[in-house]
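A.B. asks:
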């Protein structure tokens, strides 16, 4: 199903964005 692929892509993007923001916030604050 196309919905599954769409959900997977959205999920991966959300996870990567969260990790990126965490790393950036840590590096900038520290």
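Residue numbers (my numbering): 13 to 42. Note that CB positions come from ideal geometry on N, CA and C, so glycine has one too. From a predicted model like this one, the values you see are computed outputs, not experimental measurements.
Can you give me the C-alpha to C-alpha distance between residue 28 and residue 16, rounded to a whole angstrom?
C.D. replies: Distance between the alpha carbons of residue 28 and residue 16 is about 18 angstroms.
A.B. asks: Give me the Cα-Cα distance between residue 20 and residue 26, rounded to the nearest whole angstrom.
C.D. replies: In a straight line, the C-alpha of residue 20 is about 10 angstroms away from that of residue 26.
A.B. asks: Quick one: Cα of residue 33 to Cα of residue 13, how far?
C.D. replies: Spanning the two alpha carbons is a distance of roughly 31 angstroms.
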